[in-house]
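Scroll down for the structure; my scribbles are underneath it.
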Amino acid sequence: MIVDVVFDLPVPHPFSYCVPPGLTVTPGQRVRAPLGSQARVGLVVAAREGDEEKLKPLAGVAESGPILSRSELELARWIADESLSSWGSTVAALLPPAPRSATEGMPAPPEWASGGGERPFLLTGGDREQRLLARLAEEARDRGILVVAAEIDAAAAWSDRLRAALKAPVARLDSGMAEGERWSAWMALAHGAVRIGVGTRSALLAPAPAPATLVLLDENDPAHKPPGPPRIHSRDVVLERARREGSRLYLTAAAPSAESWWRADEGRLQRVPEGPSPWPRVSVVDVRGTLRTQPLSPLLRGAMKETLAANGRVLLLVTRIGSAMACNECGFLVRCPECGIAMAFSRARREKACRLCRRADPAPETCPNCHGRQLAPLGWGTERVEQAVRAEFRRYRIVRDDAESGRGRARAAHDSGAQVVVGTRAALRAFIPRGPSLIGFISPDPVLRLPDFRAGERAFSLLWAAAEKVGGDRVVIQTQHPTHYAVRAAADQDLAGFYKHELGFRAELGYPPFRRLCLLTIRSRTEGVAKRLAQGLEQELSALGGLTVYPPAPLGRSPRAPRWQIVLKGGDDLPARLSSLLGPSRDRRSDGRGIIEVEMDPVDLA
Ligand SMILES: [Zn+2]
Ligand SMILES: [Zn+2]
């Protein structure tokens with residue numbers, strides 16, 4: 116017998132081996148096989164009869180039986196095709212590491228009854244997590260449950276919550292656990308010994324006792340699409356899995372992705388009706404032409420004094436200083452006339468440039484709107500804000516927390532009884548279970564001005580999550596864009612209003628969910644070769660027709676690792692069309708001169 120085996124390598128095609136006498140293997144099983152000079156672990160994707168003569172034999176099995184059923188194997192191939200990743204790297208990323216020695220008694224992984232099922236649910240609203248827990252408690256009686264979180268911390272927290280609320284054992288599948296434990300957790304679910312699984316991305320193919328309920332928490336979180344294969348958002352995977360498996364699916368979010376809102380508008384997701392959440396009093400402070408020398412407006416200072424006097428806690432949120440050009444007098448933002456996204460300003464080159472279409476113009480000296488001369492990136496760092504707070508509020512305990520993922524430290528700040536926390540977005544998550552009484556946005560403008568079509572969604576989701584966290588108390592937003600629809604919708608608790616505007620913008624300019632984007636990055640040893648490869652590829656892509664191909668441009672300025680990038684727009688069939696063009700080596704075409712990396716549906720352009 117011949118088996119086809121895929122490995123964790125950036126090549127899409129399987130390698131064939133013959134099966135030595137006495138060994139039985141089936142598709143979905145992990146084996147050891149000679150590759151180059153060593154034996155590596157791979158996954159059998161097919162078994163067939165044929166001419167075995169020229170083939171090397173397998174070295175042995177890595178597990179006593181298949182870890183993936185045929186249905187799961189097919190889903191893995193769909194993921195690889197959709198994301199232009201290799202099949203082998205996809206399964207390697209989505210399976211627990213194989214045990215050191217093959218263990219007996221592996222249960223047969225379940226084949227999925229073919230599809231059908233109900234429309235997935237979209238859960239929003241401040242009490243969505245309690246409502247989800249109540250539903251899961253009900254469903255756990257006769258259903259298997261698999262919960263996928265964006266990050267390990269969240270998976271750990273949800274594992275505890277589910278164990279407490281459902282009074283049942285929970286199998287944790289994420290890489291916060293030791294390798295052996297992850298494998299055992301997978302087996303426990305496959306056996307049905309444990310009926311509730313929690314993990315991150317690496318749980319996407321995990322077995323769940325049928326009938327299954329799948330949950331994707333915080334479906335709008337960009338962390339659901341981390342770097343590395345398979346380059347696909349976990350939301351796309353769970354939607355496809357639920358369809359094939361016939362399972363129930365819940366997506367949750369404070370403010371959903373525009374993609375999910377649109378799916379719900381189309382009737383492909385069902386929104387779960389909810390009562391109105393408590394909403395804070397939101398003050399929008401117009402800071403155009405003010406706040407040049409210090410970051411706190413009189414209104415924010417006043418709100419802080421009131422809150423602190425009443426023993427409330429204050430969180431001041433600071434966002435990274437952006438590169439976009441905007442007028443500090445009137446708030447005018449320089450956007451690309453073609454793409455509608457903010458143009459980045461380069462002081463060195465006295466130039467403004469579009470991240471997408473690469474249009475570059477000389478930077479204007481004065482504001483095209485008000486002719487003011489304050490045209491520059493503007494923002495405040497956390498240190499500067501902390502200084503200003505210390506100068507004004509000497510008697511209070513003030514803590515700065517600006518680690519990008521500073522959960523541990525922010526927790527410490529929380530526990531130390533800090534009365535004012537100056538922090539970045541991560542600090543918001545540390546306020547559990549109760550939010551602060553006042554959240555002040557020093558300025559969400561750098562997010563609104565990201566040179567990315569998702570700038571509005573990013574800013575809105577930050578403002579919305581903050582307001583939800585504060586609940587009935589108070590939010591102050593200092594901004595030069597007081598009438599921006601993201602700011603207005605957050606202030607007015609108008610979720611639908613935001614998406615109406617946002618989806619209108621996306622439709623008009625052809626952004627997701629209406630069209631798909633792809634980034635092609637070309638690496639080579641020299642700048643000249645990278646450039647020539649990029650230009651050649653651009654011509655081939657343009658010849659395909661039906662795609663929007665933006666001109667190639669160099670990425671960064673590192674002479675040691677030259678990179679060029681091409682941005683593409685196309686329809687739903689974009690992966691299939693690219694696959695045929697990029698040929699047999701698909702996601703990395705290496706002809707000895709350069710490497711092409713493909714990023715389908717990027718979550719970040721900035
Ligand atoms: Zn442009
Ligand atoms: Zn102006």
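Residue numbers 116 to 721, in the working numbering, belong to the letters of the sequence shown in order. In this text, a Cβ means the ideal position worked out from N, Cα and C, and glycines have one as well.
query, result
"Quick check on the DSSP output: the alpha helix (DSSP H) that includes residue 610 runs from which residue to which?", "610-624"
"Is the distance from the Cβ of residue 154 to the Cβ of residue 147 below 8 Å?", "yes"
"What's the gap between the Cα of residue 702 and the Cα of residue 629?", "Because residue 702 sits at a pLDDT of 43, beneath the cut-off of 50, its placement in the model cannot be relied upon, and the point is left open."
"So which of 309, 712, 686 has the shortest CA-CA distance to residue 638?", "712"
"For residue 187, which residues from the same chain have a beta carbon less than 6 Å from its beta carbon, with the 5 sequence-adjacent residues on both sides left out?", "320"
"Comparing the CB of residue 454 with every heavy atom of ligand 2, is any distance shorter than 7 Å?", "no"
"If residue 131 and residue 170 are in contact, beta carbons under 8 Å, what's the gap, nearest whole angstrom?", "6 Å"
"Taking CB distances under 8 Å as the criterion, tell me whether residue 259 reaches chain C.", "Here there is only one protein chain, and chain C is not present."
"Kindly indicate which three-state DSSP category residue 520 falls into: helix, strand or coil?", "Unreliable placement is indicated for residue 520, whose pLDDT of 44 sits below 50; no coordinate value is reported for it."
"Classify residue 572: buried if its beta carbon has 16 or more other beta carbons within 10 angstroms, exposed otherwise.", "buried"
"What distance in whole Å lies between the Cβ atoms of residue 261 and residue 323, which are believed to be in contact at a cut-off of 8 Å?", "4 Å"
"In whole angstroms, what separates the C-alpha of residue 122 from that of residue 128?", "9 Å"
"Within 7 Å: the Cβ of residue 258 and any heavy atom of ligand 1?", "no"
"Got a sec? Which residues, its chain only, sit under 6 Å from residue 568 by beta carbon, not counting five neighbours each side?", "456, 626"
"With distances taken from CA atoms, which of 421, 282, 619 is nearest residue 309?", "282"
"By DSSP's criteria, residue 314 is part of a beta bridge. Which residues make up the other side?", "263"
"If you run the structure through DSSP and keep just helix, strand and coil, what is residue 556?", "strand"
"Should residue 444 be listed as close to ligand 2, given that the test is whether its C-beta is under 7 Å from any heavy atom?", "yes"
"Kindly confirm or deny that the segment 288-305 and the segment 359-378 touch, where touching means at least three C-beta pairs closer than 8 Å.", "no"
"Could you tell me the distance, in whole angstroms, from the CA atom of residue 307 to the CA atom of residue 618?", "43 Å"
"Going by C-alpha to C-alpha distance, which of 419, 124, 646 sits closest to residue 511?", "419"
"List the DSSP bridge partners of residue 575.", "Answer is none; residue 575 lacks a bridge partner."
"Use the C-beta contact count for residue 716: other C-beta atoms within 10 angstroms, 16 or more gives buried, fewer gives exposed.", "buried"
"Terminal residues of the continuous beta strand (DSSP E) containing residue 115?", "Only positions 116 to 721 of the chain appear in the structure, and residue 115 is not among them; the question remains open."
"Run the CB neighbour count on residue 722, radius 10 Å, all protein chains shown included, and call it buried at 16 or more, exposed below.", "Residue 722 is absent from the structure shown; the chain starts at 116 and stops at 721."
"Which residues share a DSSP beta bridge with residue 477?", "466"
"Please state if the CB of residue 539 and the CB of residue 594 are separated by a distance shorter than 8 Å.", "no"
"By Cβ distance, which residues of its chain are closer than 7 Å to residue 337, with the 5 residues on each side in sequence left out?", "718, 719"
"Between which residues of its own chain and residue 500 is the CB-CB distance below 7 Å, once the five residues before and five after are set aside?", "410, 431, 433, 537, 557"
"Taking the alpha carbon of residue 453 as the point to measure from, which residue in 534, 623, 191 has its own alpha carbon closest?", "623"
"By DSSP, does residue 409 sit in helix, in strand, or in coil?", "coil"
"On the three-state DSSP scale, how would you describe residue 401?", "strand"
"Below 8 Å on the Cβ atoms is my guess for residue 332 versus residue 269; work out the distance and round it to an integer in Å.", "6 Å"
"Distance check for residue 126 and residue 133, CA to CA, integer angstroms please.", "20 Å"
"Whole alpha helix (DSSP H) runs in the segment 319-404 with 4 or more residues, listed along the chain?", "349-360, 373-380"
"How many angstroms separate the CA atom of residue 476 from the CA atom of residue 465?", "9 Å"
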